[in-house]
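Notes for the one structure printed next.
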Amino acid sequence: MGDMANSSIEFHPKPQQQREAPHAGGFGCTLAELRSLMELRGAEALQKVQEAYGDVSGLCRRLKTSPTEGLADNANDLEKRRQIYGQNFIPPKQPKTFLQLVWEALQDVTLIILEVAAIVSLGLSFYAPPGEESEACGNVSAGAEDEGEAEAGWIEGAAILLSVICVVLVTAFNDWSKEKQFRGLQSRIEQEQKFTVIRNGQLLQVPVAALVVGDIAQVKYGDLLPADGVLIQGNDLKIDESSLTGESDHVRKSADKDPMLLSGTHVMEGSGRMVVTAVGVNSQTGIIFTLLGAGGEEEEKKDKKGKQQDGAMESSQTKAKKQDGAVAMEMQPLKSAEGGEMEEREKKKANVPKKEKSVLQGKLTKLAVQIGKAGLVMSAITVIILVLYFVIETFVIEGRVWLAECTPVYVQYFVKFFIIGVTVLVVAVPEGLPLAVTISLAYSVKKMMRDNNLVRHLDACETMGNATAICSDKTGTLTTNRMTVVQSYLGDTHYKEIPAPSALTPKILDLLVHAISINSAYTTKILPPEKEGALRRQVGNKTECALLGFVLDLKQDFQPVREQIPEDKLYKVYTFNSVRKSMSTVIRMPDGGFRLFSKGASEILLKKCTNILNSNGELRNFRPRDRDDMVKKIIEPMACDGLRTICIAYRDFSATQEPDWDNETEVVGDLTCIAVVGIEDPVRPEVPEAIRKCQRAGITVRMVTGDNINTARAIAAKCGIIQPGEDFLCLEGKEFNRRIRNEKGEIEQERLDKVWPKLRVLARSSPTDKHTLVKGIIDSTTGEQRQVVAVTGDGTNDGPALKKADVGFAMGIAGTDVAKEASDIILTDDNFTSIVKAVMWGRNVYDSISKFLQFQLTVNVVAVIVAFTGACITQDSPLKAVQMLWVNLIMDTFASLALATEPPTESLLLRKPYGRDKPLISRTMMKNILGHAVYQLTIIFTLLFVGELFFDIDSGRNAPLHSPPSEHYTIIFNTFVMMQLFNEINARKIHGERNVFHGIFGNPIFCTIVLGTFAIQIVIVQFGGKPFSCSPLSTEQWLWCLFVGVGELVWGQVIATIPTSQLKCLKEAGHGPGKDEMTDEELAEGEEEIDHAERELRRGQILWFRGLNRIQTQVCWGGKKG
């Protein structure tokens, strides 16, 4: 399947055969006809449809489908359609093979140095120099030769190569499993994507991959269209086609002007029905991907270094680059003057993979570079000292002359020194770091699935640990999103509970039932409960469900009304959008006149009402004074109870005076108010506790909602977002804009900085307000450090804010495709508490890496100093290359596994966020690293210089050539490993806690690894022999080694007693990359660029193809199932 992606010809063998056949398969259109039809737009397309088929229903007849009933749901027919017109999926690009990943892992610089050293060492070990140790060359510094070099010389080189192979395989396997996980994740997102079609007259939700040509699909606000089609009937339909055309203006679609709907475009407003005419590789998006099949390969070569995070999406880069300027313009409402530069700048960004780093990665890279430099210097000095020592002793003190026949002997010495130097370098560079990060992130992502967080971009979970602000929606996230009408104002009476039907005049009741049943999406309905005693099931828009539930509570039914006036009989629909904040539907009355029903936010609709129904159901005047009265007495009390108030109204037009339906302000005015209802959306019971945890963890929670300010404030108080007696702001969108804009209406950052720190609730806000607030907080420079903002969103219009935020959370249940597309993490249960879990996991990733660093750097500092001083004083490293590699690689890999899989604890939420500039290695950690290093060095040097007296054994220092491994040096090696093992337990805590065993049995991986390493160490020491330069030890010697190891735990307690605050001299290390380190040229690209670089990786390498990636994966995963 994957190979097909590269050749566009193999895709359509069928159409070629069909062009000869008049109409294949008995359908009235060929694939080629439909493909060429979908390439037309607007009037042209309409003309073509009329010429070829008469009208859209003619097209439906040719495709053997009914515009109202849809296809008959019969498997043979569907299969036949799939064979002729193709399936709705695009074959994914092939993942990288394991061998490719191995090759990539081999590109690592340290590994290359090691390989070279190992090969040189191997080559030389097989090369026997002539004139073995002739008198003339002198038996110089015999200790510098490895003992038993003659027999075991090749072992060292082989062992280094073996360890390199280990590291490469582990890295490649990690990358491979990461990619596999990502594809699994992607397919899981895709399988959840369903689309509504009509089959046999029934509305069905089918997986996107199951769509076939001829299906009648329902499209509605927030959908991402999964296939091409022709509109049969639409209400106020507007489409964002920027993902295909790059035009950011929304395109109005209607059956009589522009009926062409294209796959991969987003429905921004309205609803409608379309007949599917092209799917999969034959749809407009599919055609582009087919063309990209070849383009993707070249892209791949340039992109070798990039991560393969979004395997399935990668090939869409090229296409999207072309139109990225326009997309970016639309996504980031910048000043229009910059429009021209945007495209250039985006292109630059696209070609700067170097900057793709998250906060943590930035700090790690910087730290690794610093350590690498230090290691390089140390190893260079080691080599220089060894060479000088050798040269001076041989040629100066002993006064020998360099003889030609001695050259190979001397070269062998120099290679020996070179290998010691490389060993020092290898030990200095923590190769385990990238491994630890990958393991930690992969482990977290897997576990976060269980906590209802579906992570789309790996590093989002780490960024989440640094979050300082969360801007949350109200509906569905903080509340249960199960809405019910609890109060109402009908016929001059305020009912605190549902009134009895008999208490209402029949006229009012009838109007109310019609207004609610007709003026709501027909896809919204209330179904009977699944099991006895459960609640009724709400399907569709929850506010409308509440109103339909109100009709049922009044012992009426909405279904008969809808059957009497089906959806295609509706004369005109003004759908709900964030600007109107209301929805209206016009129907034709039997007498030829029209009636308009309208519902919407009460303070907005009441301004348009001039009459109201009294208790007898008659009209009475409704003046501005009455309105103010009503707001004070009815609406504000409802809002203060945390209810959302909705006004329901209507208006009649006589048959003679049909208005201009496009003049909306004229049409939706002069209304008559039927009722005002108060809808309750109860706060989720677990939310107040979750918000308290956030506040304790130093995260400010802000509520951004479209609701009225009183409702919002009441809910915010219930959740604990605002506390009585605190100094906070609750603003409406209008007031917010007035405060942050200058006279010219431009947003000023200084004004914003005065508002956001105290802002807790933003009510009646538009999507632009949400984006402005998020951008303002992120760009603000008032605090000590830049804020890291998380945002939740579910609507299509939340896209820009989700994209702008450091971490965007989309709702898995209520969220639209567009919102999910823009997000980094999908909350599969739409619950705010899952966000708190994400914060916990994020902090845990950060801490795991710090724990690993603390452990790793202690090993490194000690090993480097021991190798360095040992080499300088005794001409030989006490720890042999192979031993060092065991310590370095194996302890690295295992330790990263052990420390990176520590489960998170609640205590992580008791501290403030680290922030972007906080160094990776804090003072406390520095104290621990240096403290333990002092202990280990003291022990090792004591053993090195007086160990033989203490244990009463032969000294291993200056041992003659070819001597067997000494017990002395084995004890040093063994003690060193024991100390590391016990220090690994110390490393579990990095904030100076005393109880290092706390929760140790909660992590079986950790226990297994510590015990496993211990077991292997016994085997190495007792049976390792020559290759590991070990000689077996007695029980007593083992006990001493263990005793010194346990001393690490005691010493850890001693270090914990020293207050960090006293140690002003300790420096921190691993700060984030500072702005001063940017080059002038980069700075010239403006702050937007820096801001962008910081969050580049979150976009999961897919900055360029915002619109496209979804479709490809959607269609291709669909196909895997198909």
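First residue of the sequence shown: 11, per the numbering used here; consecutive thereafter.
Quick reminder that beta carbons are idealized off the backbone N, C-alpha and C, glycines included.
For residue 818, the first and last residue of its enclosing beta strand (DSSP E):
Here residue 818 refers to the residue found at position 808 of the sequence shown. Per DSSP, residue 818 belongs to the beta strand (DSSP E) from 817-821.
Residue from 1063, 730, 769, 727 whose Cα sits closest to the Cα of residue 740:
For the purposes of this step, residue 740 is identified with residue 730 of the sequence shown, where counting begins at 1. Ranking the options by Cα distance to residue 740, first place goes to 769.
In the DSSP assignment, find the alpha helix (DSSP H) that holds residue 779 and state where it starts and stops.
Position 769 of the sequence shown, counting from 1, holds the residue named residue 779. From DSSP, the alpha helix (DSSP H) with residue 779 extends over 777-789.
DSSP-derived helix/strand/coil call for residue 1010
On the sequence shown, position 1000 is the one that residue 1010 refers to. Three-state result, residue 1010: helix.
Helix, strand or coil for residue 754? Go by DSSP, reduced to three states.
Taking the first residue of the sequence shown as position 1, residue 754 is located at position 744. DSSP places residue 754 in coil when its eight states are reduced to three.
If you drop the 5 nearest sequence neighbours on each side, which residues of the same chain put their C-beta closer than 6 angstroms to that of residue 311?
Within the sequence shown, residue 311 is the residue found at index 301, counting from 1. Note that residue 311 scores 39 on pLDDT, short of 50, meaning its location in the model is unreliable; the coordinates nonetheless yield the value given after this. Taken in chain order, the list of residues that qualify is empty.
What does DSSP give as the partner residue(s) for residue 800 in the beta ladder?
Numbered from its first residue, the sequence shown carries residue 800 at position 790. 480, 817.
With DSSP as the reference, label residue 458 as helix, strand or coil.
For this step, residue 458 is matched to residue 448 along the sequence shown. Residue 458 falls in the helix class under three-state DSSP.
At the level of alpha carbons, what is the spacing between residue 224 and residue 240?
Working through the sequence shown from its first residue, we reach residue 224 at position 214. Working through the sequence shown from its first residue, we reach residue 240 at position 230. Straight-line Cα distance between these residues: approximately 10 angstroms.
Inter-residue spacing [alpha-carbon to alpha-carbon] between residue 214 and residue 48
Translated into positions along the sequence shown, residue 214 becomes position 204. Translated into positions along the sequence shown, residue 48 becomes position 38. Rounded to the nearest angstrom, the gap between the Cα atoms of residue 214 and residue 48 is 25 angstroms.
Buried or exposed for residue 691, going by 16 or more other Cβ atoms inside 10 Å?
Sequence index remark: in the sequence shown, residue 691 carries index 681 (1-based). Buried is the call here.
Would you check if the distance between the CB atom of residue 689 and the CB atom of residue 504 is smaller than 7 angstroms?
As a first step, residue 689 must be located in the sequence shown, where it is residue number 679. As a first step, residue 504 must be located in the sequence shown, where it is residue number 494. No Cβ-Cβ contact shorter than 7 angstroms links residue 689 with residue 504.
Measure from the alpha carbon of residue 723 to the alpha carbon of each residue in 174, 647, 531, then state which is nearest.
Residue mapping note: residue 723 aligns to position 713 of the sequence shown, counting from 1. With distances taken between Cα atoms, residue 723 lies closest to 647.
According to DSSP, is residue 576 part of a helix, a strand, or is it coil?
Here residue 576 refers to the residue found at position 566 when the sequence shown is read from its first residue. Residue 576: coil per DSSP, three-state reduction.
Looking only at its own chain, which residues have a Cβ that is under 6 angstroms from the Cβ of residue 798, when we skip the five neighbours before and after it?
Residue mapping note: residue 798 aligns to position 788 of the sequence shown, counting from 1. Same-chain partners within the cutoff: 476, 477, 478, 816.
Between the alpha carbons of residue 1017 and residue 1003, how many angstroms are there, rounded?
Counting from 1 along the sequence shown, the entry for residue 1017 is found at position 1007. Counting from 1 along the sequence shown, the entry for residue 1003 is found at position 993. Cα to Cα, residue 1017 sits roughly 20 angstroms from residue 1003.
Going along the chain, which residues of its own chain have a beta-carbon closer than 6 angstroms to the beta-carbon of residue 802, five neighbours each way excluded?
Here residue 802 corresponds to residue number 792 of the sequence shown, with the count starting at 1. Around residue 802: 482, 483, 487, 819.
Check residue 921 in the structure and name its three-state DSSP category.
If you number the sequence shown from 1, residue 921 lands on position 911. If DSSP states are grouped into helix, strand and coil, residue 921 belongs with coil.
Whose C-beta lies closer than 6 angstroms to the C-beta of residue 186 among residues of the same chain, with five residues either side of it excluded?
Mapped onto the sequence shown, residue 186 falls at position 176. Excluding residues within five positions, the ones whose Cβ falls inside 6 angstroms are 108, 111.
Spatially closest choice to residue 523 from 609, 490, 132, by CA coordinates
As a first step, residue 523 is located in the sequence shown; it is residue number 513 there, counting from the start. Checking every option, the nearest Cα to that of residue 523 belongs to 609.
Run through DSSP, which three-state label would residue 811 get?
Translated into positions along the sequence shown, residue 811 becomes position 801. DSSP, reduced to helix, strand and coil, places residue 811 within a helical segment of the structure shown.
Do the CB positions of residue 278 and residue 248 come within less than 7 angstroms of each other?
Residue numbering aside, residue 278 sits at position 268 when the sequence shown is read from its first letter. Residue numbering aside, residue 248 sits at position 238 when the sequence shown is read from its first letter. Yes.
For the alpha helix (DSSP H) containing residue 760, name the first residue and the last one.
Within the sequence shown, the letter at position 750 stands for residue 760. Per DSSP, residue 760 belongs to the alpha helix (DSSP H) from 759-765.
Determine the DSSP secondary structure at residue 979, reduced to helix, strand or coil.
As a working mapping, residue 979 is identified with position 969 in the sequence shown. Three-state DSSP puts residue 979 in a helix.
Could you tell me the distance, in whole angstroms, from the CA atom of residue 179 to the CA atom of residue 189?
Start at 1 with the first residue of the sequence shown, and residue 179 comes out as number 169. Start at 1 with the first residue of the sequence shown, and residue 189 comes out as number 179. About 15 angstroms.
What residue range does the alpha helix (DSSP H) around residue 109 cover?
For the purposes of this step, residue 109 is taken as residue 99 along the sequence shown, with counting starting at 1. Element bounds for residue 109: 108-115.
Beta strand (DSSP E) runs contained entirely in the segment 702-730, provided each spans 3 or more residues
710-714
Under a three-way DSSP split, which group does residue 737 fall into?
Within the sequence shown, residue 737 is the residue found at index 727, counting from 1. Of the three classes helix, strand and coil, the one that applies to residue 737 here is coil, per DSSP.
Could you tell me the distance, in whole angstroms, from the CA atom of residue 555 to the CA atom of residue 520?
Sequence index remark: in the sequence shown, residue 555 carries index 545 (1-based). Sequence index remark: in the sequence shown, residue 520 carries index 510 (1-based). In a straight line, the C-alpha of residue 555 is about 18 angstroms away from that of residue 520.
What do you reckon, are the CB atoms on residue 884 and residue 796 nearer than 7 angstroms?
Here residue 884 refers to the residue found at position 874 of the sequence shown. Here residue 796 refers to the residue found at position 786 of the sequence shown. Going by C-beta atoms, residue 884 is not nearer than 7 angstroms to residue 796.
Just to confirm, is the Cβ distance from residue 706 to residue 662 under 7 angstroms?
Numbered from its first residue, the sequence shown carries residue 706 at position 696. Numbered from its first residue, the sequence shown carries residue 662 at position 652. Their beta carbons are not under 7 angstroms apart, which means residue 706 does not touch residue 662 by this criterion.
Out of 1066, 828, 754, which one is the CA nearest neighbour of residue 274?
Start at 1 with the first residue of the sequence shown, and residue 274 comes out as number 264. With distances taken between Cα atoms, residue 274 lies closest to 828.
What do you reckon, are the CB atoms on residue 88 and residue 222 nearer than 7 angstroms?
Counting from one through the sequence shown, the residue named residue 88 turns up at place 78. Counting from one through the sequence shown, the residue named residue 222 turns up at place 212. Taking 7 angstroms as the Cβ cut-off, residue 88 and residue 222 qualify as a contacting pair.
Measure the alpha-carbon distance for residue 1071 versus residue 704 and round it to whole angstroms.
Within the sequence shown, numbered from 1, the residue matching residue 1071 stands at position 1061. Within the sequence shown, numbered from 1, the residue matching residue 704 stands at position 694. Cα to Cα, the separation comes out at about 28 angstroms.
Whether or not the segment 906-921 and the segment 989-1000 are in contact is what I'm after, with contact meaning three or more pairs of Cβ atoms, one per stretch, closer than 8 angstroms; do they touch?
yes
May I have the straight-line CA-CA distance separating residue 297 from residue 95, to the nearest angstrom?
Residue 297 sits at position 287 when you count from the first residue of the sequence shown. Residue 95 sits at position 85 when you count from the first residue of the sequence shown. Rounded to whole angstroms, residue 297 to residue 95 spans 14 angstroms at the Cα level.
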